[in-house]
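Numbering (the working numbering), first residue to last: -17 to 260.
Just so you know, even glycine gets a beta-carbon here, dropped at the ideal spot from N, CA and C.
Here's the structure, in structure tokens; my notes come after.
Below is the structure:
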């Protein structure tokens, strides 16, 4: 049996242009995925986009540039999302369908995050870092590589990820810790997670001390290296996330991910979404 996919985006995520909650449920059912969590983007950080970046954006995204010149992701439509969740649960009773949110930089927006979480009973909350502070600007991590040294970007990301883990408890799963390595520039040479092992381990140790879960994000270039370090740092549980923004990507590489998790000592727990270390 495949693990649950605990990180999926549908049409209710602003950047999932091909997302479909119903099609994702249909595919999960066909693949034999036991559960699926629709963890939609909640991005509250206003990103600074350079003029050339704005010019290259599709019109859909250019319309999201505010009067302050920053990119503001649309607010999460919780009411519409909740109706869609209920509809899919009715249509796919054999599939465990979890509600959820992927909170971007939740430690920067405590009041807005608390208001969101108090307003709807989400089943699964992922904490993620997509942004870095650069003076008075907030940069999407992948854009930061265009103006900063690659090592500086990754180390800055991991420093901020550590602050996020240590300063807020609103999420139960840490999402895609190797996120900046997705955009690692070819000009900087091959991706080398070991170069940042000490900082990765610092984040993992802090997370393990809170007894929260690490996500095995199958889009990440260092997911299985992080899994080994997570075990070494005392991590007790993992979730599996395809980070799919299109139903076709649901449960991507989950056979390999499950094999690696088993090799590291993790097994399905009492629930069918988190695997725990035996």
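Shortest Cα-Cα distance from residue 98 to any of 110, 212 and 24 involves 24.
In this structure, residue 95 places its C-beta atom within 7 Å of the C-beta atom of residue 85. Distance from the CA of residue 163 to the CA of residue 175, rounded to the nearest whole angstrom, comes to 8 Å. In the DSSP secondary-structure assignment, residue 20 is bridged to -10 and 81. CA-to-CA, the gap between residue 125 and residue 224 works out to about 22 Å. Each of 232, 220 and 238 was checked against the Cα of residue 258, and the nearest Cα belongs to 220. Counting along the chain, no alpha helix (DSSP H) covers residue 109; the unbroken beta strand (DSSP E) around it starts and ends at 106 to 110.
The three-state secondary structure of residue 114, taken from DSSP, is strand. Taken through DSSP and simplified to helix, strand or coil, residue 250 comes out as strand. Each residue's CA atom was taken as its position, placing residue 147 and residue 13 some 34 Å apart.
Spanning the alpha carbons of residue -5 and residue 22 requires a straight line of approximately 5 Å. CA-CA distance, residue 155 to residue 73, rounds to 28 Å. Contact between residue 37 and residue -12 is ruled out by a C-beta separation of about 37 Å, above the 8 Å threshold.
Assigned with DSSP and collapsed to three states, residue 30 falls in strand. In this structure, DSSP gives residue 65 a helical state, which the three-state scheme calls helix. Counted as a single uninterrupted DSSP element, the beta strand (DSSP E) harbouring residue 259 occupies residues 257 to 259. Every beta strand (DSSP E) of 3 residues or more that sits fully in the region 202 to 242 is shown, in chain order, as 219 to 223.
Put simply, of 3, 169, 108 and 229 the residue whose alpha carbon is nearest the alpha carbon of residue 133 is 169.
Check the Cα spacing between residue 216 and each of 68, 191 and 135: the tightest is with 191. The beta carbon of residue 236 sits closer than 8 Å to those of -16, -15, -13, 15, 200, 222 and 224, all from its chain and outside the five residues before and after it, given in chain order.
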